[in-house]
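In this note's numbering, the protein residues as written are 40 to 124.
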């Protein structure tokens, strides 16, 4: 569970770090609306499932919690391997 959360946090940090390149500078989310929506969706994809996974983990379902923590990074790796990203 901990490594999955670290992988999710690493991707979120990477997304925040490269947001200036996506939007054309440090002005935040003032870029094209579709780019902002895609970036926000990507951040939400890597934040919401691990949060729900922690909820399941604390409720006595560690199998579901681990699956939710590892799902976003593994899906991103699969998409990169298949050339979808």
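Note that beta-carbon positions come from the ideal geometry of N, C-alpha and C, so glycine has one too. Please read all numbers here as calculations on a predicted model, not as lab measurements.
Closest by C-alpha distance to residue i, when choosing among the options
{"i": "residue 53", "options": "106, 118 and 81", "result": "81"}
{"i": "residue 127", "options": "47, 111, 78 and 105", "result": "There is no way to answer for residue 127, as the model of the chain reaches only from 40 to 124."}
{"i": "residue 50", "options": "102, 114 and 76", "result": "114"}
{"i": "residue 101", "options": "117, 47 and 89", "result": "89"}
Classification of residue i by the beta-carbon crowding that lies within 10 angstroms, buried from 16 upward
{"i": "residue 94", "result": "exposed"}
{"i": "residue 85", "result": "buried"}
{"i": "residue 92", "result": "buried"}
{"i": "residue 122", "result": "exposed"}
Segment limits, alpha helix (DSSP H) that includes residue i
{"i": "residue 76", "result": "72-97"}
{"i": "residue 122", "result": "Segment: none, residue 122 is in no alpha helix (DSSP H) and carries neither H nor E."}
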